[in-house]
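Data block below; observations after.
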Amino acid sequence: MSLKEEMAEKAQFYPGETDIAENRRNYMNPNYELEKLREIADEDVVRLMGHREPGEEYPSVHPPLEEMEEPECPIRELVEPTDGAKQGDRIRYIQFTDSVYFAPIHPYIRARMYMWRYRGVDTGTLSGRQIIEVRERDLEKIAKELLETEIFDPARTGVRGATVHGHSLRLDENGLMFDALRRYRLNEEKGVVEYVKDQVGIELDEPIEVGAPADEEDLKERTTIYRIDGVPFREDEELLQVIQRIHELRTLAGYNPKEAEGK
Amino acid sequence: MTRERPRMLERKIPEGAKPEVQIFPSRLLSAETTERLLNRIVEELEDHIRRIVIHGPGLPKYVPYGPARGEPVKHPERRPIEVGGTEFEMKVQTGQIVIEIEDEEALDEVVAKLEEICEEELPCDFQIQTGRFTKPKPTVTDYLKFGEKGVEEIDDRLLGLVEPRARLSDRVAILKGRKKDEGD
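These protein sequence lines are chains A and B, in that order. Read in order, the letters of the first sequence are residues 0 to 262 in numbering that gives the first Met the number 0. Read in order, the letters of the second sequence are residues 0 to 183 in numbering that gives the first Met the number 0.
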C-alpha cells in the first residue's frame with residue numbers, strides 16, 4: 000500500500016445503525032448508484048426548470064475557457080473545469096421542497112449529498128427547501144438524476160423555485176403535498192402526477208408526467224427522515240452517541256477550550 | 000361505528016366566553032369535502048352554532064412573487080362553495096374548522112353529533128377538541144378596524160375574525176335568514 004493510500008481516510012458519511020442512517024449514507028456515497036425509478040425526457044427537464052426553451056442554445060456569460068487568456072494559476076491547472084464552466088454557461092438553479100411526511104430525502108441530507116456527488120455546485124439549505132446552483136449544462140444533467148431516481152417522489156417532493164410553502168403542512172386529501180401555486184396535479188385516470196406549471200409557476204403548454212406516487216410503506220423504507228411514527232431517532236444508539244459527543248465538545252470548547260482537551 | 004377518541008388538548012374556556020369545538024382533520028380538505036361537511040353541520044346543528052371559522056393555508060389568486068409574479072394561479076380549490084343556501088368563495092384550503100357553540104349545556108351533544116358527521120363525511124382521520132380557539136374579547140385589530148364605538152355597537156360575532164390587512168366583506172359570509180357567520 001502506498002503512503003498516499005495508507006494516509007487516505009475512508010469516508011464513513013454518517014453514523015447510525017438504523018435503515019434511515021443507512022439511506023443517508025447511501026445517498027451521500029458517490030459510489031452508491033441511485034436507483035432509477037422513472038424516465039423523464041431531457042426536454043421535459045428543461046421545460047420544468049424554465050431557464051431556456053428546449054433546443055435553444057445555451058446563453059453564456061463569458062467566452063469558452065479555451066478562447067480566454069487565463070492568468071497563470073496552479074489551482075486552475077489542478078482542477079479540471081466542468082463542462083458548463085468550459086463553455087461559459089450561466090449559473091442556473093433547481094430547488095426542491097421535501098415534505099416532512101416521509102419524503103425520500105430532506106434538505107440537510109440533500110446538501111451533503113450534493114457536495115459529495117457533484118462538482119462545481121453551490122447549494123443552500125433552508126428549513127423547507129434546498130436550492131442547487133450550478134452551470135446550466137451541468138445543472139440539466141444533475142436535475143435529471145435528481146428527478147428520475149429514488150430520492151424523488153412525485154407526491155412528497157416538489158420542484159419549486161418560488162412560493163415553496165408546504166413542506167410542514169398536512170398533505171392534501173389525495174396525498175399530494177400542499178402547493179399554493181398548484182404546479183402539479185394527480186391525474187386520477189392514469190394514477191400519475193403531472194406538472195402543469197414550471198418551477199416558478201408559469202403554465203406549461205403540455206403537462207409533464209413524473210410518475211406515480213409511491214405508497215406509504217415504500218416511502219418509509221426509502222426516507223432519510225427520523226419520525227416518531229416511523230423510526231424515531233432515539234432508537235438509533237450510535238447516532239445519539241455521536242450527536243451527544245459533538246454537542247458536549249462544542250459546549251466545552253465554546254465555554255473553556257481547556258476542558259475539551261483529551262475528550 | 001364510532002371510535003373512542005381522546006379529547007386531546009382540552010383548552011380552558013375563559014370566563015364569560017362561549018365554548019368552541021375544533022375539527023382537526025389529518026389531511027387538508029378540498030373545497031368539495033368542506034362544502035359537504037359544513038352543510039351537514041349547519042343542517043343538523045343549526046340551533047347550537049353561533050359562528051364557524053375556517054382556518055388553513057391561503058390560496059393566492061395571483062402568484063405573489065418570483066418571475067411569474069402577477070400571473071393568475073387558477074387553483075381549483077379556490078372556488079365558491081354553497082353552505083346553507085349562501086355562496087362564498089373559499090380562499091384557503093381547509094385545515095381546521097372552529098365552531099362556536101351557543102349553549103354550553105349542549106356541548107357534549109354537539110361533540111357527539113360532530114363526531115358522527117365527521118366519521119361519515121371525512122375521507123381521513125380527525126381530532127375533535129373542545130375549548131376556546133379564537134379570541135373572546137375585542138382585539139387591537141378590531142379597535143383599529145371598527146373604532147372604540149364601533150366595537151361596542153357591532154355584533155360581537157364579527158369581532159376577532161379578520162386579519163389587519165383583509166377586508167371584512169371579503170372574509171365573512173352571513174348565512175341567509177339564520178344570522179350565522181362564516182369567516183376564514
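Glycine included, every Cβ here is placed at the ideal spot set by N, Cα and C.
The DSSP-derived three-state label of Thr138 (chain B) is coil. For Tyr64 (chain B), the nearest CB of chain A lies under 7 Å from its own CB, placing it at the interface with that chain.
Put simply, the backbone Cα of Glu68 (chain A) is about 49 Å away from that of Thr250 (chain A). Taking 7 Å as the CB threshold, Arg35 (chain B) stays off the interface with chain A. Burial is judged here by how many other beta carbons sit within 10 angstroms of a residue's own beta carbon; Gln240 (chain A) has fewer than 16 and is exposed. Residues of chain A with a Cβ closer than 8 Å to the Cβ of Ser168 (chain B) do not exist; the shortest Cβ-Cβ separation is about 23 Å.
Around the beta carbon of Leu28 (chain B), a 10 Å sphere encloses 16 or more other beta carbons of the protein chains shown; the residue is thus reported as buried.
The closest CA to that of Val72 (chain B), considering only B:Gly65, B:Pro59 and B:Gly83, is found on B:Pro59. One thing to note: Arg118 (chain A) has its Cβ within 7 Å of the Cβ of Thr81 (chain A). When rounded, the separation of the alpha-carbon atoms in Ile108 (chain A) and Gly87 (chain A) is 29 Å. One alpha carbon belongs to Asp204 (chain A), the other to His74 (chain B), and they sit about 17 Å apart.
Around Val110 (chain B), the same chain offers Val20, Ile127 and Thr129 as residues with beta carbons nearer than 7 Å, after the five sequence neighbours per side are excluded. Distance from the CA of Ile141 (chain A) to the CA of Val52 (chain B), rounded to the nearest whole angstrom, comes to 45 Å. Interface criterion not met: the Cβ of Asp152 (chain A) is under 7 Å from no Cβ in chain B.
With respect to the 7 Å criterion, Cys123 (chain B) and Arg26 (chain B) are classified as neighbours on the basis of their beta carbons. Ile98 (chain B) and Ala172 (chain B) have their alpha carbons spaced roughly 14 Å apart. When the alpha-carbon of Phe101 (chain A) is set against those of A:Arg116, A:Met48, A:Arg169 and A:Ile74, the nearest one is in A:Arg169. Contact between Thr140 (chain B) and Pro163 (chain B) holds: their C-beta atoms lie close to 5 Å from each other, under 8 Å. Pairing Ala84 (chain A) with Arg51 (chain A) gives a Cβ-Cβ distance that is not under 7 Å. A Cβ-Cβ distance of about 6 Å is found for the pair Ala20 (chain A) and Tyr13 (chain A), placing them in contact under the 8 Å criterion.
For Ile74 (chain A), the uninterrupted alpha helix (DSSP H) run begins and ends at Pro73 to Leu77, by DSSP. Inclusion of Val82 (chain B) and Gly55 (chain B) in the CB contact set at 7 Å is not warranted, their separation being larger than that value. Exclusion of the five residues before and after Arg37 (chain A) leaves Glu147 and Gly210 as the residues of its chain whose Cβ lies within less than 6 Å of its Cβ.
Per DSSP, Lys196 (chain A) is one residue of the beta strand (DSSP E) stretching across Val191 to Lys196. Residue contact with chain B for Arg181 (chain A): present (Cβ-Cβ distance below 7 Å to some residue of chain B). Nearest to Arg181 (chain A) by alpha-carbon distance, out of A:Pro256, A:Glu193, A:Glu55 and A:Glu187, is A:Glu193. Taking the Cα positions, Lys219 (chain A) is about 41 Å away from Arg50 (chain B). Residues are counted here when their Cβ sits less than 7 Å from a Cβ of chain B; for the stretch 188-205 of chain A these are Val199, Gly200 and Ile201, given in chain order.
When the beta-carbon positions are compared, Thr223 (chain A) and Arg23 (chain A) come within less than 7 Å of each other. Chain A has a Cβ within less than 7 Å of the Cβ of Pro122 (chain B). At a cut-off of 7 Å between beta carbons, Leu58 (chain B) contacts chain A. Per the C-alpha coordinates, the member of A:Ala161, A:Val191 and A:Trp115 positioned closest to Pro63 (chain B) is A:Ala161. Taking 9 Å as the upper bound on Cβ-Cβ separation, chain B lies near residues Gly160, Ala161, Thr162, His164, Gly165, Leu168, Arg169, Leu170, Asp171, Glu172 and Asn173 of the stretch 143-173 of chain A. Here Val91 (chain B) is bridged, per DSSP, to B:Gly57.
In the DSSP assignment, Val41 (chain B) falls within the alpha helix (DSSP H) that extends over Ala30 to Leu44.
For Pro79 (chain B), the enclosing beta strand (DSSP E) has its first and last residue at Pro79 to Val82.
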